[in-house]
Amino acid sequence: MARLNVNPTRMEMTRLKKLHKTATRGHKLLKDKLDELMKQFLDIVKENKRLREEAEEALEKAYKSFIIARAVMSEEYLGEALMMPKQSVSVEVSQKNVMSVNAPLFDFKTEGNEKEIYPYGLAFTSGELDSATESFSSAIKPLLRLAESEKTAQLMAQEIEKTRRRVNALENVMIPNYEETIKYIAMKLEENERASTTRLMKVKGMIAEKAIEERRKQDEYSSKRTSNM
Numbered sequence: 213m214a215r216l217n218v219n220p221t222r223m224e225m226t227r228l229k230k231l232h233k234t235a236t237r238g239h240k241l242l243k244d245k246l247d248e249l250m251k252q253f254l255d256i257v258k259e260n261k262r263l264r265e266e267a268e269e270a271l272e273k274a275y276k277s278f279i280i281a282r283a284v285m286s287e288e289y290l291g292e293a294l295m296m297p298k299q300s301v302s303v304e305v306s307q308k309n310v311m312s313v314n315a316p317l318f319d320f321k322t323e324g325n326e327k328e329i330y331p332y333g334l335a336f337t338s339g340e341l342d343s344a345t346e347s348f349s350s351a352i353k354p355l356l357r358l359a360e361s362e363k364t365a366q367l368m369a370q371e372i373e374k375t376r377r378r379v380n381a382l383e384n385v386m387i388p389n390y391e392e393t394i395k396y397i398a399m400k401l402e403e404n405e406r407a408s409t410t411r412l413m414k415v416k417g418m419i420a421e422k423a424i425e426e427r428r429k430q431d432e433y434s435s436k437r438t439s440n441m
């Protein structure tokens with residue numbers, strides 16, 4: 213806590229009081245924003261956990277089936293079966309505003325016949341390859357949602373840290389500095405007022421003494437004239 217280097221005047225104190233009021237209001241707003249950011253961040257973290265478990269489960273099933281299919285099929289047949297996919301996925305990226313955070317929004321579309329996910333005939337392939345293809349297809353949606361959610365969580369974490377620094381700066385630096393400076397100016401103004409009062413009393417005392425002295429001289433002069441007559 214440090215006092216600001218300002219002139220101890222009433223105008224300066226009025227200006228600092230306005231700044232202190234603005235800083236206090238801003239601190240409250242930022243504190244409320246920080247609380248809401250933390251609440252939404254925790255909700256996103258929970259959603260991340262659910263999406264990650266869903267994606268990992270689908271990928272684990274897909275990889276297990278693919279390993280078995282690779283073991284029972286020749287590499288030549290496997291390569292030919294997966295060479296020409298019948299579906300493709302296009303992703304459009306936009307943004308949504310979440311508490312002043314531009315969070316990504318992924319909108320994906322599957323191009324091709326949704327019912328024909330197998331890019332091969334069923335005569336020379338194994339059921340494990342069918343299961344792997346289905347699992348990889350079902351993992352696309354949670355993977356994209358997981359990427360969207362994790363990026364949002366990352367951006368919100370950055371915003372939380374930035375907001376927390378601002379709250380701490382207002383709470384521990386700016387507002388105490390304003391309060392200390394206002395207190396200092398008020399003390400200096402009181403000292404100046406007491407000094408002015410003391411000087412005024414001295415001046416009044418000097419004027420009163422001078423008036424008494426002049427009155428005494430006039431009385432002496434009047435007494436002398438009366439004696440001479």
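Heads up: the sequence shown begins at 213 in the working numbering, then just goes up one per residue.
From the three backbone atoms N, C-alpha and C, an ideal C-beta is built for every residue, glycine too.
Values in this document were obtained by computation on a predicted structure and should not be read as measured data.
Between the C-alpha atoms of residue i and residue j, what's the straight-line distance to the nearest angstrom?
i: Val479; j: Ala420; result: Since the first residue shown for the chain is 213 and the last is 441, residue 479 is missing from the structure and cannot be characterised.
i: Leu216; j: Thr236; result: 17 Å
i: Thr410; j: Met223; result: 24 Å
i: Glu373; j: Glu403; result: 44 Å
i: Asn314; j: Pro354; result: 21 Å
i: Thr322; j: Ile352; result: 10 Å
i: Ala407; j: Lys395; result: 18 Å
i: Val346; j: Val303; result: At residue 346 the sequence reads Glu, which differs from the Val that was named. Answer to the nearest angstrom: the Cα atoms are 20 Å apart.
i: Leu241; j: Gly417; result: 56 Å
i: Leu401; j: Lys429; result: 42 Å
i: Ala274; j: Arg376; result: 43 Å
i: Arg282; j: Glu248; result: 50 Å
Give me the Cβ distance between residue i and residue j, rounded to the nearest whole Å; I'm assuming they're in contact under 8 Å.
i: Asn260; j: Glu362; result: 6 Å
i: Ser300; j: Ser343; result: Actually they do not touch by this definition, with Cβ atoms about 21 Å apart.
i: Val257; j: Ala365; result: 6 Å
i: Met225; j: Ile397; result: 4 Å
Going by C-alpha distance, which of the options is nearest residue i?
i: Glu266; options: Tyr390, Met399, Ile397 and Ser350; result: Ser350
i: Ile280; options: Phe320, Ala359, Glu340 and Thr364; result: Glu340
i: Met368; options: Pro354, Ile394, Ile424 and Met311; result: Met311
i: Arg357; options: Glu425, Lys416, Phe320 and Glu391; result: Phe320
i: Phe348; options: Met413, Asp255, Leu271 and Phe318; result: Leu271
i: Lys245; options: Lys308, Arg378, Met418 and Ile397; result: Arg378
i: Leu382; options: Leu231, Glu425 and Thr221; result: Leu231
i: His239; options: Ala274, Ala214 and Asn380; result: Asn380
i: Gln252; options: Ala274, Lys233 and Glu371; result: Glu371
Quick one: give me the first and last residue of the alpha helix (DSSP H) that residue i is part of.
i: Glu371; result: Gly339 to Ala381
With residue i as the anchor, note down where its beta strand (DSSP E) starts and where it stops.
i: Asn309; result: Ser300 to Val310
Check the DSSP bridge columns for residue i and list the partner residues they point to.
i: Val313; result: Val310
i: Phe320; result: Val303
Please indicate yes or no: does the CB of residue i lie closer than 8 Å to some heavy atom of the ligand ADP?
i: Arg237; result: Looking for the ligand ADP in the displayed structure turns up nothing, as the structure carries no ligands at all.
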